[in-house]
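Letter 58 of the sequence shown, counting from 1, is numbered 58 in the numbering used here, and no numbers are missing. Glycine included, C-beta positions come from ideal geometry on N, C-alpha and C. Written out below as structure tokens is the structure these notes cover.
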Amino acid sequence: GHYDAIQLPDGTLRKHPRSIAFSSMDEVEFQQLYKSALDVLWRWILSRTFRTQREAENAAAQLMSFAG
Numbered sequence: 001g002h003y004d005a006i007q008l009p010d011g012t013l014r015k016h017p018r019s020i021a022f023s024s025m026d027e028v029e030f031q032q033l034y035k036s037a038l039d040v041l042w043r044w045i046l047s048r049t050f051r052t053q054r055e056a057e058n059a060a061a062q063l064m065s066f067a068g
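Here it is as structure tokens:
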């Protein structure tokens with residue numbers, strides 16, 4: 001997930017969600033989120049249609065080019 005793990009005084013870990021507002025991210029954080037999201041989409045959806053992640057990204061880029 002997209003979160004910070006915070007260790008509490010009793011030793012347990014709590015997951016604190018991070019914002020997914022692209023405008024509040026630097027480039028490194030955006031790339032990490034993008035890769036994580038693509039990995040999930042690939043594992044559960046895209047691998048059924050495309051042979052490689054690169055092929056799926058190319059299809060997405062083509063769709064975006066039609067948008068404007």
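query	result
Cα-Cα separation between residue 29 and residue 16, rounded to whole angstroms	16 angstroms
CB contact flag (residue 38, residue 53, <8 angstroms)	yes
CA-to-CA distance, residue 6 to residue 14, given in whole angstroms	5 angstroms
Whether residue 56 touches residue 42 by CB criterion (8 angstroms)	yes
DSSP state of residue 14 mapped onto helix, strand, coil	strand
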